[in-house]
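Counting in our numbering, the sequence shown runs from 24 upward without gaps. To keep things clear, I will list the structure first and then write my remarks on it.
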Amino acid sequence: MKVMIDPGHAGSYYNASPVVPGYYESNMTWSLAWKLKSALEARGFTVGLTRWDKNEDPELTERGRRSRGYDLFLSLHSNAAATSAPDAPWMIHFAPDGKTSIDEKSRAVAEILGQAVSKTMGVSAPYYYTKKTDFDRDGNGYLDDEWYGVLFGAKSVGVPGVIIEYSFHTNEKAARWLLNESNLIKLAEAEANALAKYYGMEVTEEMTAAEKKAFDELKKEVEKLVKANKALKDRIDRYDEMGVYDNAAIKWAYIDKNLPDWARPTIKKLADKGILKGSGNNSLELSWLMMRILVILDRTGVFG
Ligand SMILES: [Zn+2]
């Protein structure tokens, strides 16, 4: 999946917020574009930017056309209103055209991203918007052309596009929120996850600092348990080999390879001498403890 991101506007100081000193739309879109790019790449997307220089200012339809060969075009902005009250994302998508499926895709992406943006920013539900020209802009005989230059450009190369207005920089709360770089990271992560879900790619939820700490501690505990378990299992195996768990149980019947090496010479000697006769069916009926006692006695020389 290939996503083309258009950081809206150019330069650092374009479209200042009238209510929050230091907020500029062009700074925000530039910063967010790069964050969204890495968040998408982390989930397996290929991501391009319509411009790689902060001061480059391609013409609007040209920005859209730069998405040729991509699966999706996103143009990032913050909106402005005459009053300071409006505070909701505006998702501008393709108008229904009744001919292609890219208008439906454009609408679907607008919806999933709109929800992610509203939720992350903690603002009102997204507002969806479309606008067509009242003239045949591309001369194909239909009045189906997008009014917004970037969307017109994307549609001309067959790529579904969405303009995302991250609420209004004329709203103080929204502009303050967007001025915070860590909020932009949250926004990028949420949008990348929404797109990953939509396109069936890997979704990685970001852990909070507290979750990460708890996870690391749990991991250490598990590693400790695995290590302790291994040591315990080794000990159990060793004791089992020694027959510690069934000292008195009859485990050996014949002088064969199963008989422990340390016991074999003594047992063989006692059988040869007829001291050890076993039961009626030729079974010696030896236990680990019994063999041990016989070996100790043998060392004292009582069996000759
Ligand atoms: Zn803008």
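Just so you know, even glycine gets a beta-carbon here, dropped at the ideal spot from N, CA and C. Computed from a predicted structure; not experimentally measured.
Within its own chain, the residues whose Cβ lies closer than 6 angstroms to the Cβ of K128, once the five positions on either side in sequence are excluded, are P183, listed in chain order. Counting of Cβ neighbours within 10 angstroms places I259 among the exposed residues, the total staying below 16. For the stretch 114-160, the continuous beta strand (DSSP E) assignments of 3+ residues that do not extend past its boundaries occur at 150-152, in sequence order.
A distance filter of 5 angstroms between CB atoms and the heavy atoms of ligand 1 selects the following residues in sequence order: G31, H100.
In the DSSP secondary-structure assignment, G71 is bridged to M27. Put simply, the backbone Cα of A217 is about 13 angstroms away from that of A65. Shown here for Y46: same chain residues with a beta carbon closer than 6 angstroms to its own, the five before and five after excluded, namely S40, H192, A198, L202 in chain order. In the structure shown, N194 falls within a coil segment according to DSSP collapsed to helix, strand and coil. Partner residues in the beta bridge of H100, as assigned by DSSP, are E188. The Cβ-Cβ distance between A56 and L99 falls below 8 angstroms.
For the options H116, G145, T143, the alpha carbon positioned closest to that of A133 is the one of H116. When the Cα atoms are used, M313 and F326 turn out to be separated by approximately 15 angstroms. If you look at K253, you'll find it in the alpha helix (DSSP H) that goes 232-265.
Contact check for S302 against K274 fails: the beta carbons are separated by 8 angstroms or more. Apart from the 5 residues on each side of it in sequence, G34 sits with its Cβ closer than 8 angstroms to the Cβ of S49, K77, N78, D80 in its chain, given in chain order. Among the bridge pairs identified by DSSP, L309 is matched with W275. The Cβ-Cβ distance between A111 and A148 falls below 8 angstroms. Of the candidates S107, D157, E212, the residue whose Cα lies closest to the Cα of Y171 is D157. By the CB criterion at 8 angstroms, M230 and M24 fall outside the cutoff. By a beta-carbon distance limit of 8 angstroms, P109 contacts N194. Their separation comes to about 6 angstroms. Residue burial is scored here from C-beta neighbours: K178 has at least 16 other C-beta atoms within 10 angstroms and is therefore classed as buried.
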